[in-house]
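Protein chains in written order, with the working numbering: chain A, 1 to 343; chain B, 344 to 731.
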């Protein structure tokens, strides 16, 4: 009797061991990032506020901050990122071919991209909407008044098609001039080849600084589209996708719970809120469940900050862009940011 | 080995066939491997493939087109817009670059110091500047030189020039100017007939006929007369001032002018060197012989030097033409809607079909390039020195 019990107990132990060894789905992307020791992040060629190299050659911006947060969560060090600047045309092949681990580059989430390019969008880090920048002397306040205007745009951007559709629907004749790069389109707008240049309001705020006399131009407040943007990865490797999704959720949740890069150590020591304790790895083993260390989000918040800190530093009031939070505010404060719970 | 088989084995022709078949097989095998590999990987990565996207509605507007197209058309129509624009700027560019290149090439050999130095300076300038900079230089130069729409240059209230382009009246419907190309063809045929007649007359009577003046009159005059008749009998859509700009009519955009100017001036610099090399390759004795026959310097150049120089010039000219065709893709940088801009830019990003679109674009450049080479090879064999 005892022997039989011992035998079945041993059998069950073996079984349990086999199960626990298989608990983690394999993640080739995470393994590759850890093995090479840095994250490969595809960013914009240069868009102030979102991703641009500053005068010391250091990459800055809200999209760059997400790369840093992910590197901090996976590798424990926000500086272990290699940035690959990508043009509108290069971004998909570079992601699809595996040259980068993710794109974090001011790219609109669309149905056909998700369905036919083999890419997944894992959340929204910037609610963007398309609008126009015009010369003040043109005296335009709304996009509706642009009948007959000439508009410069980057070829192949969602803005190109959206503007064509929007004006066609309203029976307005607008000439769209397509350039290969945003910078060429802005230069042509600045040379008065076009009456307007179109992009998202956030992108326009960033690009305005590239004009000869930024104060002579005005960004229209009327938005003609919804352009949510967020981190983009290849199809496959679900565990890696979960990491990317929950790092973004973690940064937004950290703002919600008032965890900042300044008070994160204090919160880790003394917070009695269960969700805060789970985010910071004091309670449970959420990091390990994803194949990371338990201080994954602690590292991200400590080194990069929560979503609000990153926003204000890169595009918000502490930056030259001075964009109000608008839809990119927590829902509790009238915005659209609403995250899933850490349970 | 039986003697028959051995003979067969050592037959040079048979061996050539076997080696050719092996090379062709290896090539097709490699291509097949790449295609199979790419499609397998695309399926794995969840990327849609195939050519069905060509019949999707494009939704992309093009500001400069010489074929009928609206954003409601299919992507394959958009491709055709790009091809037509590429061919337009390339063929016009080849013709103008040849003329300008000839003039500069001959000027480089001139006895006049100023002319010679200017031509040398131009060639050195052009050859040492990257084409992209050249294109931007022209583009912004053209735009800055033109006034904004409200201060447009106007002529007869029908032609307007501003930094959005040159606005000219367009026919209200159809392509009435097809008649002009027919008139052009008639002019060419008449000129060829006249040339045969003039050659015969000169052979029998010794009297020269002013064939070039008559030819110019026929080739330019006949289509011009047809154009005037068509212009007077067609209804016109005249550009009118709108809120921002002029509406209606046909607009020649600054992108076209800038790209054409850049391609022509840039390629002319290289063609000038080809021309100079060709002329220098003609033996000095030829000119001396011509002079001793009493031919004028102009006649010497036209009848003795250039025909011989052409034989040296045609092969390198072919590569200049091919370069110009390929360089027309620089239009993408300044929003000239040629194939790279509308197809590899806008259409590629609207559909994401990178491999298919790049393959189609490569095939089109290949076909256009081979057509240019074939024409030049035909011309080369026609003018080749016939030895008897």
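Note that the Cβ used here is the ideal one computed from N, Cα and C, for glycine as well.
### Query
Terminal residues of the continuous beta strand (DSSP E) containing residue 510 of chain B?
Here residue 510 of chain B is taken as the residue at index 167 of the second chain, counted from 1. Where residue 510 of chain B is concerned, the enclosing beta strand (DSSP E) stretches over 508–511.
### Query
What does a CB cutoff of less than 8 Å around residue 416 of chain B pick up in its chain, not counting 5 residues either side in sequence?
Within the second chain, numbered from 1, the residue matching residue 416 of chain B stands at position 73. Cβ neighbours of residue 416 of chain B beyond the five flanking positions: 400 and 401.
### Message
Looking at residue 280 of chain A: is its Cβ nearer than 8 Å to the Cβ of residue 307 of chain A?
### Response
Taking the first residue of the first chain as 1, we reach residue 280 of chain A at position 280. Taking the first residue of the first chain as 1, we reach residue 307 of chain A at position 307. Going by C-beta atoms, residue 280 of chain A is not nearer than 8 Å to residue 307 of chain A.
### Query
What does residue 506 of chain B touch in chain A if you count any residue whose Cβ is under 7 Å from its own?
Position 163 of the second chain, counting from 1, holds the residue named residue 506 of chain B. Against residue 506 of chain B, the close residues of chain A are 192 and 193, in the order they occur along the chain (beta-carbon pairs closer than 7 Å).
### Query
For the beta strand (DSSP E) that residue 217 of chain A lies in, which residues bound it at each end?
Walking along the first chain from the start, residue 217 of chain A turns up at place 217. Per DSSP, residue 217 of chain A is one residue of the beta strand (DSSP E) stretching across 217–219.
### Query
Nearest-angstrom Cα distance between residue 391 of chain B and residue 568 of chain B?
Locating residue 391 of chain B in the second chain gives position 48, counting from the first residue. Locating residue 568 of chain B in the second chain gives position 225, counting from the first residue. So the two alpha carbons sit approximately 54 Å from each other.
### Task
Kindly indicate if chain B contains any beta-carbon less than 8 Å away from that of residue 160 of chain A.
Mapped onto the first chain, residue 160 of chain A falls at position 160. Yes, residue 160 of chain A counts as interfacial toward chain B.
### Query
Helix, strand or coil: how does DSSP classify residue 130 of chain A here?
The residue labelled residue 130 of chain A in the question sits at position 130 within the first chain. The answer is strand: DSSP assigns residue 130 of chain A an E or B state.
### Task
Starting from the beta carbon of residue 117 of chain A, find every residue of chain B whose beta carbon is closer than 7 Å, and list them in chain order.
In the first chain, the residue the question calls residue 117 of chain A occupies position 117. Per Cβ cutoff of 7 Å: 390 and 695.
### Query
Since residue 176 of chain A sits in a beta bridge, which residues does DSSP pair it with?
Within the first chain, the letter at position 176 stands for residue 176 of chain A. Residue 176 of chain A pairs with A:151.
### Message
I want to verify the contact list: residues of chain A whose CB lies under 7 Å from the CB of residue 494 of chain B, in sequence order.
### Response
Here residue 494 of chain B refers to the residue found at position 151 when the second chain is read from its first residue. Here the premise fails: no neighbours, minimum Cβ distance about 11 Å.
### Query
Which bits of chain A does residue 597 of chain B rub up against, with CB to CB less than 8 Å?
Within the second chain, the letter at position 254 stands for residue 597 of chain B. Simply 193.
#### Entry: Continuous beta strand (DSSP E) assignments of at least 3 residues falling wholly in the region 50–118 of chain A
81–86
### Query
Where does residue 467 of chain B sit, in a helix, a strand or coil, going by DSSP?
For the purposes of this step, residue 467 of chain B is identified with residue 124 of the second chain, where counting begins at 1. In this structure, residue 467 of chain B counts as helix in the three-state DSSP scheme.
#### Entry: Near-chain B residues of the region 59–77 of chain A - C-beta to any C-beta below 9 Å
Legend: CB atoms of the region 59–77 of chain A lying less than 9 Å from CB atoms of chain B are not found in any residue.
### Task
Say whether chain A places a C-beta atom closer than 8 Å to the C-beta of residue 379 of chain B.
On the second chain, position 36 is the one that residue 379 of chain B refers to. Chain A, which has no Cβ nearer than 8 Å to the Cβ of residue 379 of chain B, makes this no.
### Query
Looking at the structure shown, is residue 38 of chain A part of a helix, part of a strand, or coil, going by DSSP?
As a working mapping, residue 38 of chain A is identified with position 38 in the first chain. Here residue 38 of chain A sits in coil by DSSP.
### Query
Can you tell me whether DSSP reads residue 340 of chain A as helix, strand or coil?
Working through the first chain from its first residue, we reach residue 340 of chain A at position 340. DSSP places residue 340 of chain A outside both helix and strand once states are collapsed to three, so it counts as coil.
### Task
Verify the CB distance criterion: does residue 568 of chain B have a CB-CB separation below 8 Å to chain A?
The residue given as residue 568 of chain B occupies position 225 in the second chain. Output row for residue 568 of chain B: interface = no.
### Query
Just checking my contact of residue 680 of chain B with residue 405 of chain B at CB under 8 Å: how many whole Å lie between their CB atoms?
Counted from its first residue, the second chain places residue 680 of chain B at position 337. Counted from its first residue, the second chain places residue 405 of chain B at position 62. Going by Cβ atoms, the distance from residue 680 of chain B to residue 405 of chain B rounds to 5 Å, so yes, they are a contact pair.
### Task
In the DSSP assignment, find the unbroken alpha helix (DSSP H) run with residue 477 of chain B in it and report its ends.
Translated into positions along the second chain, residue 477 of chain B becomes position 134. First-last of the alpha helix (DSSP H) with residue 477 of chain B: 474–488.
### Task
Compare the beta carbon distance of residue 711 of chain B and residue 606 of chain B with 8 Å and say whether it is the shorter of the two.
Sequence index remark: in the second chain, residue 711 of chain B carries index 368 (1-based). Sequence index remark: in the second chain, residue 606 of chain B carries index 263 (1-based). Their beta carbons are not under 8 Å apart, which means residue 711 of chain B does not touch residue 606 of chain B by this criterion.
### Task
Mind the definition here: the region 572–590 of chain B touches the region 499–508 of chain B only if three or more C-beta pairs lie below 8 Å; say whether that holds.
yes
### Query
Does DSSP put residue 400 of chain B in a helix, a strand or coil?
Taking the second chain and counting its residues from 1, one reaches residue 400 of chain B at position 57. Here residue 400 of chain B sits in strand by DSSP.
#### Entry: CA-to-CA distance, residue 65 of chain A to residue 309 of chain A, given in whole angstroms
Position 309 of the first chain holds residue 309 of chain A. Position 65 of the first chain holds residue 65 of chain A. Taking the straight line from one Cα to the other gives about 10 Å.
### Task
Using only the heavy atoms of the ligand PLP, determine whether one of them is closer than 7 Å to the beta carbon of residue 712 of chain B.
This structure lacks the ligand PLP; in fact it carries no ligand of any kind.
### Task
Put residue 198 of chain A into one of helix, strand or coil per three-state DSSP.
The sequence position of residue 198 of chain A within the first chain is 198, counting from 1. Reduced to three states, the DSSP call for residue 198 of chain A is strand.
#### Entry: For residue 244 of chain A and residue 102 of chain A, believed in contact at Cβ under 8 Å, the rounded distance
For the purposes of this step, residue 102 of chain A is taken as the residue at position 102 of the first chain. For the purposes of this step, residue 244 of chain A is taken as the residue at position 244 of the first chain. The C-beta distance from residue 102 of chain A to residue 244 of chain A rounds to 6 Å, short enough to meet the 8 Å contact threshold.
### Message
Threshold first: 4 residues or longer. Then list the alpha helix (DSSP H) segments lying entirely within the region 545–577 of chain B, N to C.
### Response
Here the runs fully enclosed are 554–559 and 565–576.
### Query
For residue 675 of chain B, which of A:94, A:182, A:296 and A:323 has the nearest alpha-carbon?
On the second chain, position 332 is the one that residue 675 of chain B refers to. Check the Cα spacing between residue 675 of chain B and each of A:94, A:182, A:296 and A:323: the tightest is with A:182.
### Task
Would you mind sorting residue 363 of chain B into buried or exposed? The rule is 16 or more other CB atoms within 10 Å of its CB.
Residue 363 of chain B sits at position 20 when you count from the first residue of the second chain. Exposed.
### Query
Any Cβ of chain D within less than 8 Å of the Cβ of residue 404 of chain B?
Within the model displayed, chain D is absent; protein chains A and B are what it includes.
### Task
Rounded to whole angstroms, what's the CA-CA distance from residue 195 of chain A to residue 558 of chain B? Just pull it up for me.
Position 195 of the first chain holds residue 195 of chain A. Position 215 of the second chain holds residue 558 of chain B. Going by the C-alpha atoms only, they are around 47 Å apart.
#### Entry: Alpha carbon of residue 44 of chain A to alpha carbon of residue 570 of chain B, nearest angstrom
Locating residue 44 of chain A in the first chain gives position 44, where the first residue counts as 1. Locating residue 570 of chain B in the second chain gives position 227, where the first residue counts as 1. Computed Cα separation, rounded: 51 Å.
### Query
Can a CB atom of chain A be found closer than 8 Å to the CB of residue 483 of chain B?
Taking the second chain and counting its residues from 1, the one referred to as residue 483 of chain B is at position 140. Closer than 8 Å to some Cβ of chain A, the Cβ of residue 483 of chain B qualifies, so yes.
### Message
DSSP has residue 579 of chain B in a bridge; who is on the other side?
### Response
The residue given as residue 579 of chain B occupies position 236 in the second chain. Answer is B:514.
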